[in-house]
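Engineer: Dropping the structure in here first, questions after.
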Ligand SMILES: [Zn+2]
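Numbering (our numbering), first residue to last: -16 to 408.
So, in C-alpha cells, the structure goes:
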C-alpha cells in the first residue's frame, strides 16, 4: 500500500513523533490461530529501502503471521494452564483445611489443655510424647493384635488412637524418628479423609490396616520384611480407600466422573493413593519426614504397589505368580533358610505384600459370625445405594447384586459377603 496516496492515511500530514517518523508504506495482515480464528493484526510500516512492499514481502509476512498465530494460541493456553494451576492450588488448600484436624480436634488425642493448661502448639515434643503415651489405649484394651478384632465397640477416635498405637508397637516411631504430633495429625486426617459412606468409611480403612498389622505381627509375616517395609504396609492399609465415594470403579466410568477421565485404569485405587500421598506431603502430617531419600522412595514405592494391587484385574495377574512362590516355599525344609532367601527377593516380597493387602481388604469374612454378618449387611447396603444411583442418576437397571428390589433373592449372609467383597475391591 502506498500510504501517502491512500485515503485512509490522509490524516497524516506531519511526522508522527519528534523523530520525524512518517508512514510511507504499510503491509498489514490478519494473525490467524490454528483454529482459523483471527486473533490479531500484524502491520509493517516503511520498507527499509524506501520502496513499496511487494509480493515477496507479503509471502514472508504470511509465514511470520502463522508463527504469531501459534504463539498467541500458546500464550492463551499457557494463561489457561496457569489459571487451572491456581484453581487446583485453591481446591487443594480447601481440602487440606477440611481434612486436617484443628486445634480443638487434636485435643481428642492430645488433651494438653486439660493436662498442661496449654495448646498443642505451645508444647514441646517431649510434652506431646508424654501426653500421648498417657492417652494411648495400649495393645490389649482393644485387642489390636487379634485377627478377631472388631471395631464395633470403638469410637472413631478410639480407632485413631489404636492406629497410633500400632506404629509404636511396630517400633517404627523411635527407629524412624516419627514426630508424635505428625503421627497424631496424620492418623486424625485419615479419619477425616474417609467419607461417611455406609461401608468404605474410616472403620473399613482402619480394619484393613489392623489386619495388615496382625498379619505382620501375630501372623509372623513380619519376618520377611524390614521395619521400614512394615511401616509402609500398615500406612498403605490406612490410606487404601481414603475418600471412597461408596461406589465402585465401574460406576465412576458409567457416570463419566472426572476421576475416570483422569485415571485410565484402577480409577479409585489411584485416587486413594494420590490422596494419601498428598496428605503425607504436608509437613505437619508427614510421618516419613525423617527418612532419608532412599528410605522415602522405598516407602512410597511399596505404598504404590500395595494400594494399586487392590485392583481386581491386577490381582488375577499376581495370583499365578503368588502360587509359584507358595510352591517354591514347599521345597525348603528349613524355615530359617526360606525366610533368609525370601527376605532378599524383592519381587517375590512385593507379590506377597500385594496378596496380603488383598487379604486384608477381604478380612471381614474371617471375623466371628456376629461381626461378619453385620459387616455383610453394610456391604450389601452400600451396593444397594449404588444400585439406587444407577437407577435414578444413570437410568440403568442395576445388576441383581446391587438391586435392593432383589434383596430377598440373596443367599445366606456369609456367602453374600464373600461374593460382595470381591467386586468391591
Ligand atoms: Zn477396601
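Ideal placement from N, C-alpha and C gives every residue a C-beta, glycine not left out.
1) With distance defined between alpha-carbon atoms, name the residue in 111, 78, 389, 74 nearest to residue 161.
2) Please report the residue range of the beta strand (DSSP E) in which residue 13 lies.
3) Answer yes or no: do residue 78 and residue 175 have a C-beta to C-beta separation smaller than 8 Å?
4) Could you pull the DSSP bridge partners for residue 21 from this structure?
5) For ligand 1, is there any heavy atom lying closer than 7 Å to the beta carbon of residue 344?
6) Taking DSSP as the reference, what is the three-state secondary structure of residue 159?
7) Roughly how many angstroms separate the alpha carbons of residue 0 and residue 6, rounded to a whole number?
8) Between which residues of its own chain and residue 96 is the CB-CB distance below 7 Å, once the five residues before and five after are set aside?
9) Please determine whether the Cβ atom of residue 191 lies at a distance below 7 Å from any heavy atom of ligand 1.
10) What whole-angstrom Cβ distance do residue 282 and residue 204 have, given they're in contact under 8 Å?
11) Can you grab the Cα-Cα spacing for the pair residue -11 / residue 47, in whole Å?
12) In chain order, what residues of the same chain lie with their CB nearer than 7 Å to the CB of residue 407, ignoring the 5 residues before and after it?
13) Count the CB pairs spanning the region 303 to 312 and the region 188 to 195 that are closer than 8 Å, and state whether there are at least three.
14) Which ranges does the beta strand (DSSP E) cover as unbroken runs of at least 3 residues, wholly within the region 117 to 143, from first to last along the chain?
15) Can you have a look at residue 381 and say buried or exposed, based on whether 16 or more other CB atoms are within 10 angstroms of its CB?
16) Looking only at DSSP bridge pairs, what is residue 28 linked to?
17) Check whether the Cβ of residue 224 lies closer than 7 Å to any heavy atom of ligand 1, and answer yes or no.
18) In terms of alpha-carbon separation, which member of 364, 365, 385 lies closest to residue 374?
19) Please look up how many angstroms separate the CB atoms of residue 155 and residue 214, rounded, as I've assumed it's under 8 Å.
20) In angstroms, rounded to a whole number, what distance separates the CA positions of residue 354 and residue 92?
21) Shorter than 7 Å, the distance from the beta carbon of residue 183 to the closest heavy atom of ligand 1, or not?
22) Could you spell out where the alpha helix (DSSP H) holding residue 252 opens and where it closes?
23) CA-CA distance, residue 236 and residue 254?
24) Comparing the CB of residue 187 with every heavy atom of ligand 3, is any distance shorter than 7 Å?
25) Would you kindly check if the distance between the Cβ of residue 24 and the Cβ of residue 11 is under 8 Å?
26) Apply the 10 Å Cβ neighbour rule to residue 144 and answer buried if 16 or more other Cβ atoms are within range, or exposed otherwise.
27) From 275, 261, 277, 289, pick the residue whose C-alpha is nearest to that of residue 249; which is it?
28) Could you pull out every unbroken alpha helix (DSSP H) segment of at least 4 residues lying fully inside the region 66 to 125, listed in chain order?
29) Once the 5 residues before and after residue 301 are set aside, which same chain residues still bring their CB inside 8 Å of it?
30) Compare the Cα-Cα distances from residue 74 to each of 107, 258, 318 and report the closest residue.
31) I need the boundaries of the alpha helix (DSSP H) containing residue 331, first residue and last residue.
32) For residue 363, name the three-state secondary structure that DSSP assigns.
33) Here's a check: name, in chain order, each residue in its chain whose Cβ is nearer than 6 Å to the Cβ of residue 402, leaving out the five neighbours to either side.
34) Run the CB neighbour count on residue 397, radius 10 Å, all protein chains shown included, and call it buried at 16 or more, exposed below.
Structural biologist: In this structure, then:
1) Looking up residue 161 in the chain shown gives position 178. The option with the nearest alpha carbon to residue 161 is 111.
2) Taking the first residue of the chain shown as position 1, residue 13 is located at position 30. Counting along the chain, the beta strand (DSSP E) containing residue 13 begins and ends at 9 to 15.
3) Within the chain shown, numbered from 1, the residue matching residue 78 stands at position 95. Within the chain shown, numbered from 1, the residue matching residue 175 stands at position 192. No, the pair does not count as a contact, with Cβ atoms beyond the cut-off.
4) Locating residue 21 in the chain shown gives position 38, counting from the first residue. Its beta-bridge partners are 15.
5) One-based indexing of the chain shown puts residue 344 at position 361. Under cutoff, so the answer is yes.
6) Reading the chain shown from its first residue, position 176 is the one you call residue 159. Annotated three-state conformation of residue 159 is coil, per DSSP.
7) On the chain shown, residue 0 is found 17 positions in, with the first residue counted as 1. On the chain shown, residue 6 is found 23 positions in, with the first residue counted as 1. Rounded to whole angstroms, the gap between the alpha carbons of residue 0 and residue 6 is 11 Å.
8) By 1-based counting over the chain shown, the position of residue 96 is 113. Excluding positions up to five away in sequence, the list reads 90, 102.
9) Indexing the chain shown from 1 puts residue 191 at position 208. At least one heavy atom of ligand 1 is nearer than 7 Å to the Cβ of residue 191, so yes.
10) Residue numbering aside, residue 282 sits at position 299 when the chain shown is read from its first letter. Residue numbering aside, residue 204 sits at position 221 when the chain shown is read from its first letter. Actually they do not touch by this definition, with Cβ atoms about 18 Å apart.
11) Stepping through the chain shown from its first residue, residue -11 is reached at position 6. Stepping through the chain shown from its first residue, residue 47 is reached at position 64. Across the structure, residue -11 and residue 47 are spaced so that their CA atoms are roughly 25 Å apart.
12) Your numbering for residue 407 matches position 424 in the chain shown. Any answer about residue 407 is weak, because its pLDDT of 43 lies below 50 and its placement is not dependable; what the coordinates show is given next. These residues qualify, in order along the chain: 231, 362.
13) Taking a cut-off of 8 Å for Cβ pairs, the region 303 to 312 and the region 188 to 195 do not touch, as fewer than three such pairs fall below it.
14) Restricted to the region 117 to 143, not a single beta strand (DSSP E) segment is unbroken, complete and at least 3 residues in length.
15) As a first step, residue 381 must be located in the chain shown, where it is residue number 398. By the neighbour-count criterion, in which 16 or more other beta carbons inside 10 Å mark a residue as buried, residue 381 falls on the buried side.
16) Start at 1 with the first residue of the chain shown, and residue 28 comes out as number 45. Looking at the DSSP output, residue 28 bridges to 9.
17) Numbered from its first residue, the chain shown carries residue 224 at position 241. Checking the Cβ of residue 224 against ligand 1 gives yes.
18) To locate residue 374, count along the chain shown from 1; it is residue 391. Residue 374 has its Cα closest to that of 385, out of 364, 365, 385.
19) Here residue 155 refers to the residue found at position 172 when the chain shown is read from its first residue. Here residue 214 refers to the residue found at position 231 when the chain shown is read from its first residue. Rounded, the Cβ-Cβ distance is 4 Å, consistent with contact.
20) The residue given as residue 354 occupies position 371 in the chain shown. The residue given as residue 92 occupies position 109 in the chain shown. C-alpha separation (whole angstroms): 27 Å.
21) Taking the chain shown and counting its residues from 1, the one referred to as residue 183 is at position 200. Yes, ligand 1 has a heavy atom inside 7 Å of this Cβ.
22) Translated into positions along the chain shown, residue 252 becomes position 269. Bounds of the alpha helix (DSSP H) holding residue 252 are 250 to 263.
23) Here residue 236 refers to the residue found at position 253 when the chain shown is read from its first residue. Here residue 254 refers to the residue found at position 271 when the chain shown is read from its first residue. Going by C-alpha positions, residue 236 is about 14 Å away from residue 254.
24) Within the structure as shown, ligand 3 is missing, the only ligands being ligand 1.
25) Numbered from its first residue, the chain shown carries residue 11 at position 28. Numbered from its first residue, the chain shown carries residue 24 at position 41. Note that the C-beta distance between residue 11 and residue 24 is below 8 Å.
26) For the purposes of this step, residue 144 is taken as the residue at position 161 of the chain shown. So residue 144 ends up on the buried side.
27) On the chain shown, residue 249 is found 266 positions in, with the first residue counted as 1. It is 289 whose Cα lies nearest to the Cα of residue 249.
28) Whole alpha helix (DSSP H) segments, 4+ residues: 95 to 99, 108 to 118.
29) Indexing the chain shown from 1 puts residue 301 at position 318. Contacts found: 292, 334, 337, 338.
30) Counted from its first residue, the chain shown places residue 74 at position 91. Out of 107, 258, 318, 258 has the C-alpha closest to the C-alpha of residue 74.
31) Here the question's residue 331 lines up with position 348 in the chain shown. In the DSSP assignment, residue 331 falls within the alpha helix (DSSP H) that extends over 329 to 344.
32) Walking along the chain shown from the start, residue 363 turns up at place 380. Looking at residue 363 - three-state DSSP - the assignment turns out to be helix.
33) Here residue 402 is taken as the residue at index 419 of the chain shown, counted from 1. Note that residue 402 has pLDDT 47, beneath the 50 cutoff, so the model's placement of it is unreliable and the number below is only indicative. Excluding residues within five positions, none has a Cβ falling inside 6 Å.
34) Against the chain shown, residue 397 aligns to sequence position 414. At residue 397, the pLDDT of 46 sits below 50, so the modelled position is not reliable; the number obtained from the coordinates is stated separately. By the C-beta density criterion, residue 397 is exposed, having fewer than 16 other C-beta atoms within 10 angstroms.
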